[in-house]
Each structure stands twice: as structure tokens, then as C-alpha cells.
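Visitor:
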Amino acid sequence: MTFIANTPKPPYYAVIFTSIRTEGENGYGDMAMKMVELAQQQPGFLGVESAREEVGITVSYWADLASIKRWKANAEHLAAQKMGRESWYASFKVRISKVDRDYGF
């Protein structure tokens, strides 16, 4: 992804996924693209931004906490989460926050 998400006027929510990868591709890139495509189809999804160097950071934006909960419980997303824990991530952290204000140009 090489763009900044066009989010609506706050409030909305951000899910911040920070990770350190293991060695090797092992299908990670294909699954990451599939998960973005799937997330975009979910009710309440507002956008996503991602960057990776030594630490990867993906921020997805959601209309409400119920939308985030449904996404976390999505069957295909659950399978990807399992693969992440088993194969792709040496470590990761998920943070959920409410966005009360944003600005930029």
C-alpha cells in the first residue's frame, strides 16, 4: 500500500498491528493482500495503511468496535491469524484506539 487512507470525520477506531516477521516468505505476501481485500468487504471498514522495514505496522480504520469484533472473528481472518502465530511472526502486538481528531492535507 502506498497511500494514506481517506477516513471520515472522527470519531472512528484504529486497529494498530505491529509485527516482527520470521525469515522467509512462506505465502505471507499473498495472504496479506487477501486479508486487505477481505477487510475491505467488511461492514464498518474505513481504510488501511501499512509499512514494513524491520518492524511492520498496519493500521486499519473502522467505524465502531462492533465492526472490529466481527473482523477479528471472521473465519478466513481467524485462519490467517493462526498461520501468523505459527509461521510468519516472531512477535506482534495489536492495539485498538478511538480516533477523536485527525488533520492533514
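Per UniProt numbering, the very first residue in the sequence shown carries number 1; after that it's consecutive. From the three backbone atoms N, C-alpha and C, an ideal C-beta is built for every residue, glycine too.
Would you kindly check if the distance between the Cβ of Ala14 and the Cβ of Val99 is under 8 Å?
Guide: A contact, by the Cβ cut-off of 8 Å.
Visitor: For Tyr28, does the three-state DSSP call read helix, strand or coil?
Guide: The answer is helix: DSSP assigns Tyr28 an H, G or I state.
Visitor: Give the straight-line distance between the Cα atoms of Tyr103 and Glu49, rounded to the nearest whole angstrom.
Guide: Rounded to the nearest angstrom, the two C-alpha atoms are 16 Å apart.
Visitor: Who pairs with Gly56 in a beta bridge, going by DSSP?
Guide: Partner(s): Ser19 and Arg52.
Visitor: So, with DSSP's three-state summary, where would you put Ile4?
Guide: Coil at Ile4, not helix or strand.
Visitor: Quick test of the definition: if touching needs 3 or more C-beta pairs under 8 Å, does the segment 90-97 touch the segment 73-81?
Guide: Taking 8 Å as the limit for Cβ pairs, the verdict is that the segment 73-81 does not touch the segment 90-97.
Visitor: Kindly list the residues whose CB is nearer than 6 Å to the CB of Gln42, restricted to its own chain and excluding five residues on each side of it in sequence; keep chain order.
Guide: So the qualifying residues of the chain are Trp71.
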